[in-house]
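Enquirer: Next up is a structure, given as structure tokens.
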Amino acid sequence: MTEPVATRYDNAAAGRIEAFWQAEWERLGAFRADNPVGGLEGPGAAREPFFVMDMFPYPSGDGLHVGHPLGFIATDVLARFQRMAGKNVLHTMGFDSFGLPTEIYAVQTGIHPATVTERNIGRFLAQIRRLGLGHDERRRFATSDPDYYRWTQWIFLKIYNAWYDRDQKRARPVAELEAEFASGARSAPDGRAWEALTKAEQRALVDSYRLVGRHESVVNWCPGLGTVLSNEEVTDEGRSERGNFPVFRKNLRQWTMRITEYADRLVDDLDRLDWPEKVKSMQRNWIGRSTGAVVAFQAGEQTLEVFTTRPDTLYGVTYMVAAPESELVDALVPDQWPAGTSPQWTGGAETPAEAVAAYRAKVANRGERERQEGKTKTGVFTGAFAVNPITGGRIPVFVADYVLAGYGTGVVMAVPGHDQRDWEFAKAFGLPVAEVVSGGDVEAGAHTGDGKLVNSGDWDGLSPSEAKEVAAQELERRGVGRKQLQYKLRDWLFARQRYWGEPFPLVADEADQVFPLGDAELPVLLPEIEDFRPIVFEPDDADSRPSAPLKKAGAWLTVEFDFGDGLKPYTRETDVMPNWAGSCWYYLRYLDPKNEETFCDPANERYWIGPKPQRHGPADPGGVDLYVGGTEHAVLHLLYARFWHKVLHDLGEVSSAEPFRRLFNQGYIQAASYTDSRGAYVPAAEVEESGGQFFWRGEPVKREFGKMGKSLKNSVTPDEICAEYGADTLRVYEMAMGPLDQSKDWSTKDIVGAQRFLARVWRLVVGDDEAAENAGAPRVAEADPDAETLRILHRTIAQVGEEYPALKFNLAVAKLIEYTNHLTKRYLSDQQSPEGVPRAAVEPLVVMLAPLAPHLAEELWRRLGHQELLVRQPFPVADPKLLVDDEVKLPVQVAGKVRATVVVAADAAEDAIRAAALADPKIVEQLAGKEPKRVIVVPGKMVSIVL
């Protein structure tokens, strides 16, 4: 522990003060936000709303380390400031409590996931409450609460019972689609009228339009976890993000959501959001919208359609590549290798079928990013050739894992002269490289820059942009291609073969026809089962298939319903929703958490997050005023939440077009970790420094900076810091470490600086001896502050009042420290005011400090004689007159060079400034008796003397 500070404000005092005020805030409902209607309505709804929110935390059993609260403290500081600015502030926190980590732990220990979740939430709550976060506790919930996931299921049914009208570019209820079919306004794809279809055919037709469907597609199958995973849950190395198990790509029938229907809107509406450009770019890249052409290559009886953004390079195609998962490959493969096939192309297999099968098995568990970014190109010849529709040339077709089945058609035309990945593959397999765009040496590497077309027939001399248009026209004229928009975004795999998740509100009949349940059947409760373990397999068992734990749910599985043709038995869906489901809409439930009639009353939604063009401009989409969290959710939670919100908006359930108006990504707190000679981590707290080197138990260790974690043995918990220094000290230290959006290094020994600052503030009000503390009355003077103190005070008010809403908390701390130091020096150190610091100088300091160190500020506010809470006291207002300098310094130039500086009154007339400049001794010396030709005065800027 560091040396004690010379004051009565120490860790013991901080602990008592913080416990008292946390209890008082809770007793008085200090942080409650009022709604316009419903169970939480109140007079505060007449004020301007401000909704600030942290990204939904997952209640891990490990609890928090000091890096986690960085964003939580920041949003609390801002929320407290906005309350002082007179706003009705909504700030709360719930828990994203369904998901794999809890279930994995439950499986390992045999403890039910619900029990694990309850325990973890208790631990998490104790930690965040110790920090003094001003949450509206009435609005807290967990996604695993039945009262919550009832509405998750309800929203799922809204999406399930909707379809996307591409003409109107919005989602509409399925009932409207059925009405169009029934009226004859829309006919079946085969031309038959609605009444000519059987009921089963009608259902199947409508199901094909739904935003939720069950489809056979290539998915990420993880035998070691016993479930399929979304692309975002698979690492670059082709392993599961949770557990690090191998993941295999295989065709399975799974529930998916058609997020792809919203691809254009998800891209275009990013321009309406106040988000970091980095996150916008990540979403644009993930969606991957590009303009190009679809080109048809004939391979025997098979037509291989290829999407390309470079139809101008068709003359440069020297081979084609299909993704290993592509179903087209099986139809292409001949019985025998063509005569003259290079052994380099066969992979040593006797037949093309054997070669393709062996290659598929080899690359089955490689992740998409690894496949696309891998330096070493691998592949195998299919034994088939295709014909270039423009040149008529015959080109070989390969299978290679750098092509993905999920992008485009799963087949690409390879132009190695002008695509680096194609060039690397061509060099690895001895394939020709053709130059069709001038300006590079294609034998040395692909030329991807500008140039003119060459070796391209009639297209020679055109620029690539000109040739793209000509090529598209030529393809359409020949009937072998067309212009097309393409996307990387795939439909969202929306099912997990797990236990700990939201049950689907769906049942199926004997023919596997699916029926959605009605609102009255919600929630579909997760059943209690004795064995909640997933059915897992050997991690390398690529041939295994998923089997959900809920298949062991006994009587829960079968239920009777009447869907219009009599009471019949149906089977419940045994997959569960992914953990992203609950976090897609939780911000909406914060607005109206007690409502039992709907997920959120429209009046409350409009008040808190509805569009406010008068405040944010005509393009305002609405949404949460400020959302703070890390960039790791840029293409997961943020994209999924935007999709759900847009569906709800289309269906008239919400007025806002986007969920999050403004997004801010906080940086990370890093910590030093230490490894010994074996590379094993040693406890960071036990490492000692000597002579610039580091030692653990006498042995030298290596230091590196990175994340905190139990495995790195460098975690510091907020509990430890609060116990030793106080929560306010931790809050001030983390906010003072540097800009909020940048990462910074943790140093426990530096925390004492924040504690000493707070101790100086305490001393300004209470004093620094036991008698003063016990007296209870503050040691403040009722006299007016001196003129200099007033100027510094009002500049501090103005500066801190600007830094808080700008999230520049480190600068706010710096200004408050500077002002505190001035008061200490002016009124205490020099003993110029033995009766104490003027009340008018110190009370504004306490108010300004309240967002950062709320417990200490409340205590000092009470000691200053105020009975009302400081929480809603107005923030001080700076006097504009005191922000203007009384005097200014002006440089004086002689013949273009600065020769002196003069100090004049800020409002001095030009004649007075001129006289002061000419009277300065340095200027008199420079002039040496000469008469200036001109003296130019620029008020507030400078004086220039022309000889």
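Count the sequence shown with full-length UniProt numbering and you get residues 1 to 947, in order. C-beta atoms are modelled at their ideal positions from N, C-alpha and C, and glycine is treated no differently.
#1: Starting from ILE584 and walking both ways along the beta strand (DSSP E), at which residues does that stretch end?
#2: Could you spell out where the alpha helix (DSSP H) holding ASN120 opens and where it closes?
#3: Quick check on this structure: which residue in LEU845, PRO593, MET577, TYR627 has the alpha carbon closest to the alpha carbon of GLY801?
#4: Tell me PHE875's beta-bridge partners as DSSP assigns them.
#5: Count the other CB atoms, across all protein chains shown, that sit within 10 Å of the CB of ARG239; report buried if there are 16 or more and exposed otherwise.
#6: Using a Cβ-Cβ cut-off of 7 Å (strictly less than) and excluding sequence neighbours within five positions of GLY347, which residues of its own chain qualify?
#7: Do you know how far the Cα of THR256 is from the Cα of PHE156?
#8: Let me know the secondary structure DSSP gives PHE809 once reduced to three states.
#9: If the criterion is Cβ atoms closer than 9 Å, does the pair PHE757 and VAL732 meet it?
#10: My guess is that ASP74 and MET735 are in contact by the Cβ rule of under 8 Å, so how many angstroms apart are they, rounded?
#11: Please list the terminal residues of the continuous alpha helix (DSSP H) segment that includes GLN344.
#12: Roughly how many whole angstroms lie between the Cα atoms of GLU782 and LEU852?
#13: Could you tell me the alpha carbon to alpha carbon distance between HIS645 and ILE259, rounded to whole angstroms?
#14: Whole angstroms are fine: how far does the CA of PHE245 sit from the CA of ALA542?
#15: Taking the alpha helix (DSSP H) that SER944 falls in, what are its first and last residues?
#16: Under a Cβ-count criterion, where at least 16 other Cβ atoms within 10 Å of its own Cβ denotes burial, should ALA771 be classed as buried or exposed?
#17: Looking at the secondary structure, which residues open and close the beta strand (DSSP E) in which SER290 lies?
#18: Tell me the DSSP secondary structure of ARG83 in three-state form.
#19: PRO223 by DSSP, collapsed to three states: which one?
#20: Under the three-state reduction of DSSP, which class applies to LYS568: helix, strand or coil?
#21: Whose CA, out of GLN497, GLY340, ALA293, lies closest to the CA of THR409?
#22: Between the C-alpha atoms of GLU237 and ARG366, what's the straight-line distance to the nearest angstrom?
#23: Does HIS649 come out as helix, strand or coil in the three-state DSSP assignment?
#24: Reducing DSSP to helix, strand and coil, say where VAL37 ends up.
#25: Given a threshold of 16 other Cβ atoms within 10 Å of its Cβ, counted over all protein chains shown, does ASN285 qualify as buried or as exposed?
#26: Which of the three DSSP states, helix, strand or coil, is assigned to LYS551?
#27: Please classify ALA671: is it buried, with 16 or more other beta-carbons within 10 angstroms of its beta-carbon, or exposed?
#28: Would you identify the three-state DSSP class for MET320, choosing helix, strand or coil?
#29: Which residue wins for smallest C-alpha separation from residue 1031, given the options ASP34, ASP62, PRO69, GLY67?
#30: In chain order, what residues of the same chain lie with their CB nearer than 6 Å to the CB of GLU858, ignoring the 5 residues before and after it?
#31: How long is the line joining the alpha carbons of ALA900 and VAL892, rounded to whole angstroms?
#32: Taking the alpha carbon of PRO464 as the reference point, which residue from THR309, PHE398, ASP491 has its own alpha carbon closest?
#33: Can you tell which of ALA928, ALA906, PRO921 has the C-alpha that lies nearest to the C-alpha of GLY940?
#34: Touch check for the stretch 517 to 527 and the stretch 225 to 236: three-plus C-beta pairs under 8 Å?
#35: Please confirm whether ARG210 and VAL174 have their CB atoms less than 9 Å apart.
Expert: Taking the coordinates as given:
#1: Checking the sequence, you will find Cys at residue 584 rather than Ile. No beta strand (DSSP E) contains CYS584, which DSSP labels as neither H nor E.
#2: 113 to 130
#3: LEU845
#4: Beta-bridge pairing links PHE875 to no other residue.
#5: buried
#6: ALA355, ALA358, TYR359, VAL380
#7: 12 Å
#8: helix
#9: yes
#10: At residue 74 the sequence reads Ala, which differs from the Asp that was named. Their Cβ separation, rounded to whole angstroms, is 7 Å, which keeps ALA74 and MET735 in contact under 8 Å.
#11: 343 to 346
#12: 26 Å
#13: 12 Å
#14: 12 Å
#15: Where SER944 is concerned, there is no enclosing alpha helix (DSSP H), although the beta strand (DSSP E) it sits in stretches over 942 to 946.
#16: Confidence at ALA771 is low in this model, with a pLDDT of 49, below 50, so its placement is unreliable and the value that follows should be read with caution. Under this definition ALA771 is an exposed residue.
#17: 290 to 299
#18: helix
#19: coil
#20: strand
#21: ALA293
#22: 6 Å
#23: helix
#24: coil
#25: exposed
#26: helix
#27: buried
#28: strand
#29: Coverage of the chain is limited to positions 1 through 947, which leaves residue 1031 absent and any answer about it impossible.
#30: TRP21, LEU870
#31: 5 Å
#32: THR309
#33: ALA906
#34: no
#35: yes
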